[in-house]
Amino acid sequence: MSGESLQTTIGFLVANLNRQLERELEENLRPLKLPVDQLRVLQTLASDEAADGLSMSEIARTILIDASTLTKVIDRMISDSLVYRAADPADRRRVRVLLTQKGAALLKTLRPMLDRQEEELRRTFDDLMDDQTPRNFAELLEHFCKRSAPQT
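Read in order, the letters of the sequence shown are residues 1 to 152 in the numbering used here.
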């Protein structure tokens with residue numbers, strides 16, 4: 001890695017791409033006043049694996065945020081009627097978080113925007129693989145970082 005600039009390291013490129021994607025989501029979610037962390041919770045709770053709800057630690061692990069931040073996110077989502085807490089039927093000392101109908105409906109309205117972002121990323125990848133094969137993973141990430149954001 002000696003002589004390699006920070007901007008071409010895999011760690012930097014992954015972080016850069018993640019920031020770009022988060023900014024795109026924030027921009028699209030701004031009119032709804034829905035933070036990206038709340039979107040991630042909705043997506044997680046809508047998955048097949050979450051049919052019976054998930055524990056706070058399972059959600060935190062999935063969306064990559066710490067437990068104290070997640071508690072604030074979930075509290076806000078409860079006050080907005082997007083999710084609710086319920087006792088775990090297998091262990092009443094544990095709490096599970098579940099999606100409300102309102103939360104599921106909101107996620108359904110967001111699905112086209114999320115699908116567009118995913119499709120644009122897949123198209124970028126496919127175009128890159130059709131045009132030229134990247135020499136390495138870092139080069140592949142560089143191409144993703146240079147892509148244009150999808151228009152909503």
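No residue lacks a Cβ here, since even glycine has one placed at the ideal position from N, Cα and C.
Because the structure is a prediction, the values reported are computed rather than measured.
Short Cβ contact (7 angstroms threshold) for residue i with residue j
i: V36; j: L25; result: yes
i: A90; j: L98; result: no
i: G103; j: L128; result: no
i: T69; j: I59; result: no
i: I63; j: R30; result: no
i: L141; j: L13; result: yes
i: T100; j: Y84; result: yes
i: N16; j: C145; result: yes
Residue burial classification, residue i (beta-carbon count within 10 angstroms, cutoff 16)
i: N18; result: exposed
i: I74; result: buried
i: T8; result: exposed
i: R96; result: buried
i: L54; result: buried
For residue i: DSSP bridge partner residues
i: D88; result: D91
i: V97; result: L54, R85
Inter-residue Cα distance where the pair is residue i and residue j
i: D66; j: Q38; result: 14 angstroms
i: L170; j: L42; result: Residue 170 is absent from the model: the chain starts at 1 and stops at 152.
i: L32; j: P112; result: 15 angstroms
i: S79; j: A138; result: 43 angstroms
i: F125; j: E118; result: 11 angstroms
i: M56; j: D115; result: 26 angstroms
i: E49; j: D88; result: 15 angstroms
Cβ of residue i within 7 angstroms of any chain B Cβ
i: E26; result: In the structure shown, chain B does not exist; there is a single protein chain.
Start-to-end residues for the alpha helix (DSSP H) that takes in residue i
i: R61; result: 56-63
i: R30; result: Neither: R30 is in no alpha helix (DSSP H) and is coded neither H nor E.
i: S79; result: 67-79
i: T44; result: 36-45
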